[in-house]
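Encoded as structure tokens, the structure appears first; notes follow it.
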Amino acid sequence: MLANLITSSGMNVYRATLQFLFNAALTHYLTPAEFGIVNFILPLVTLVVLLGDFGLSTAIVRDRDLGAREAGAAFTLSIFFALLIGLAVDGSLLAFSYANGPIRDVAPIIFAFSVMPLLSLATIVPRSLVERKLAYPEIAAVEAAAISIGAVCGLVCALRGAGAWSLVVFHLSTQLIRFIGFFVRSRADIRFNLRWALTRRLLSFGGWVFGSSLLTFLFRNGDNIIIGAMLGSAALGAYSFAYQFILLPLMILTWPASGVLLATFSRDRLDIVKARKIVGSVVCLTALVTFPAAAFIVVEGPEVLYYVLGPRWQVAAQIAAILAPIGALQSLSSYVGPILLLRGWAKPLFLLNLSTTISTLLLFVAVSWFGLGIVELCWAYLVFSAIVFTGILVLMFCTLGMRWSSVVDALWVPCLASILSATSALIAKWLHSESFSVSGLICSSLAFAAVTILTFILHKSVILRHLASVVGVGRKSIAAAGSAP
Numbered sequence: 032m033l034a035n036l037i038t039s040s041g042m043n044v045y046r047a048t049l050q051f052l053f054n055a056a057l058t059h060y061l062t063p064a065e066f067g068i069v070n071f072i073l074p075l076v077t078l079v080v081l082l083g084d085f086g087l088s089t090a091i092v093r094d095r096d097l098g099a100r101e102a103g104a105a106f107t108l109s110i111f112f113a114l115l116i117g118l119a120v121d122g123s124l125l126a127f128s129y130a131n132g133p134i135r136d137v138a139p140i141i142f143a144f145s146v147m148p149l150l151s152l153a154t155i156v157p158r159s160l161v162e163r164k165l166a167y168p169e170i171a172a173v174e175a176a177a178i179s180i181g182a183v184c185g186l187v188c189a190l191r192g193a194g195a196w197s198l199v200v201f202h203l204s205t206q207l208i209r210f211i212g213f214f215v216r217s218r219a220d221i222r223f224n225l226r227w228a229l230t231r232r233l234l235s236f237g238g239w240v241f242g243s244s245l246l247t248f249l250f251r252n253g254d255n256i257i258i259g260a261m262l263g264s265a266a267l268g269a270y271s272f273a274y275q276f277i278l279l280p281l282m283i284l285t286w287p288a289s290g291v292l293l294a295t296f297s298r299d300r301l302d303i304v305k306a307r308k309i310v311g312s313v314v315c316l317t318a319l320v321t322f323p324a325a326a327f328i329v330v331e332g333p334e335v336l337y338y339v340l341g342p343r344w345q346v347a348a349q350i351a352a353i354l355a356p357i358g359a360l361q362s363l364s365s366y367v368g369p370i371l372l373l374r375g376w377a378k379p380l381f382l383l384n385l386s387t388t389i390s391t392l393l394l395f396v397a398v399s400w401f402g403l404g405i406v407e408l409c410w411a412y413l414v415f416s417a418i419v420f421t422g423i424l425v426l427m428f429c430t431l432g433m434r435w436s437s438v439v440d441a442l443w444v445p446c447l448a449s450i451l452s453a454t455s456a457l458i459a460k461w462l463h464s465e466s467f468s469v470s471g472l473i474c475s476s477l478a479f480a481a482v483t484i485l486t487f488i489l490h491k492s493v494i495l496r497h498l499a500s501v502v503g504v505g506r507k508s509i510a511a512a513g514s515a516p
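Count along the sequence shown from 1, then add 31; that gives the number in the numbering used here.
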């Protein structure tokens, strides 16, 4: 299981890095307006893919009794959804393009992007079938090859002066390679048919998962709409930049680990005692990364970002320091998703996400309505998140029946490392007479890193114990899947 966690997280790091480098390279060939066209379209495409998925991917990974006929029915159903949604988007665009000049200018690009949901949704079932077998190295290989080939194709188009079409080529070629790779790998597990009634069990469970995913989408995007509408574009720009420090630990650690947990537990039929031990260890290993990282951003972030971004982004640096603890808390509380799904509690997960999303968005509206600024809004969000996500953590531990001694055992080393390292950095700042200097920043950062590493070394037995508890999990399932007919 540890190898799968590392593989999945490593793939996310590679994807994010390559995406950043690709976009940085395109800035030499594309104008901001051309970037804006694609960034305007992508959220719509993401929403369309989310609607078309309808929770099938999670339901397939979780289902222990899925057969080739059910997989084939789910595959053809996802293709039907993709065609239906694609035609609806194209039809809507065609109607608006006759009435709106600016939309007419980018209509060909949007039409081209309408192929992306077809490719993406066609990949859902094949990829989920590969994930059911816990074949994460193969998944990583396909994903890495897809985004690498897509980046090369996009750069070639940019060099030839294709403009915004280079981004279209990048995304479409990436999705095409993903579909080919996963389809070839899972072809033997799919028996094509149109008996969509066979997917009733998958859809009944996936419907609640779909609702939770849709709420998560609204949760991640609704705050931007509220801030932009009520506080202005400058506040939104600073908040959007700082919000990356919430998403980063989720993208690199929690979301990949959640997928591995769901696939592994669904396949292994682990007993609850073993599940408690493994979840506690995963929580510990995640917190060992996210807690010290959040502490560093709180203590050093404002100065580091000030030097890197310049004085115009000082507010964003301040907001990042406020939001960083939220990212650390969410990196742990988000594991409640696979835990509830493993218990078959898709509806309670939906209701939990519904209440969290509504209350969060109401908080943003209320704070903005009373005329408070973006910094005050973020402080209110921090207090609110500390209460809500701590409560979700308690819910997760209680669902597993974990003793509080086990919870403390999972979290005390990450908490200790964060407190000691932050304290050492603050002492180094206090001892350094010159404020806001590069030398002082380097000294305090080195003190932070040294104390963090020293704390880990002194308590390596605890860390190694948690590592050992997840190392061998899933190997038996992989062997069984490899020998299955």
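Heads up, the beta-carbon is just placed ideally off N, CA and C, and yes, glycines get one too.
Proximity below 9 angstroms, CB of residue i to CB of residue j
i, j, result
"Ala448", "Ala478", "no"
"Tyr366", "Thr421", "no"
"Gly192", "Thr388", "no"
"Leu431", "Arg93", "no"
"Thr321", "Gly358", "yes"
"Pro356", "Gln345", "no"
"Arg216", "Ala166", "yes"
"Val444", "Phe487", "yes"
"Ser362", "Ile423", "no"
"Trp99", "Arg222", "A small fix is needed here, since residue 99 is Ala in this sequence, not Trp. Contact: yes."
"Leu150", "Ile116", "no"
"Leu394", "Tyr412", "yes"
"Ala269", "Ala347", "yes"
Backbone secondary structure at residue i - three-state DSSP
i, result
"Leu262", "coil"
"Asp220", "helix"
"Trp376", "coil"
"Ala352", "helix"
"His497", "helix"
"Gly103", "helix"
"Arg226", "coil"
"Gly368", "helix"
"Leu97", "coil"
"Tyr60", "coil"
"Gly402", "coil"
"Ala195", "coil"
"Gly253", "helix"
"Gly212", "helix"
"Gly341", "coil"
Straight-line Cα distance separating residue j from residue i
i, j, result
"Leu463", "Leu87", "Checking the sequence shown, residue 463 turns out to be His, not Leu. Each residue's Cα considered, the two are about 57 angstroms apart."
"Gly402", "Arg231", "49 angstroms"
"His497", "Ala288", "15 angstroms"
"Gln206", "Ile370", "30 angstroms"
"Ile180", "Ser145", "20 angstroms"
"Ile309", "Ala441", "10 angstroms"
"Val396", "Ile328", "27 angstroms"
"Arg183", "Leu319", "Rather than Arg, the amino acid found at residue 183 in this sequence is Val. C-alpha separation (whole angstroms): 36 angstroms."
"Leu186", "Phe106", "32 angstroms"
"Gly290", "Pro148", "22 angstroms"
"Ile134", "Trp196", "Because Ile134 sits at a pLDDT of 49, beneath the cut-off of 50, its placement in the model cannot be relied upon, and the point is left open."
"Val173", "Arg209", "6 angstroms"
"Ala189", "Arg163", "38 angstroms"
"Ala480", "Ala453", "9 angstroms"
"Asn255", "Glu169", "36 angstroms"
"Ala104", "Ala219", "14 angstroms"
"Phe53", "Arg46", "10 angstroms"
"Val414", "Ser204", "43 angstroms"
"Ser436", "Lys305", "16 angstroms"
"Glu101", "Asn384", "29 angstroms"
Element boundaries [alpha helix (DSSP H), containing residue i]
i, result
"Leu447", "Trp435 to Leu462"
"Ala480", "Val469 to Leu489"
"Met427", "Ile405 to Leu431"
"Tyr167", "Tyr167 to Leu190"
"Met147", "Val146 to Arg163"
"Ile91", "Leu87 to Arg93"
Exposure of residue i, with buried meaning 16 or more beta-carbon neighbours within 10 Å
i, result
"Tyr274", "buried"
"Thr48", "exposed"
"Val330", "buried"
"Leu473", "The amino acid at residue 473 is misidentified as Leu; the sequence shows Ile. Ile473 is exposed by the Cβ-count criterion."
"Tyr338", "exposed"
"Asp96", "exposed"
"Ser492", "exposed"
"Arg226", "exposed"
"Leu489", "exposed"
"Phe31", "No information on residue 31 is available, as it lies outside the stretch 32 to 516 that the chain covers here."
"Gly311", "buried"
Check: residue i C-beta below 8 angstroms from any heavy atom of the ligand GDP
i, result
"Asp96", "The ligand content of the structure shown is nil, which means the ligand GDP is not present either."
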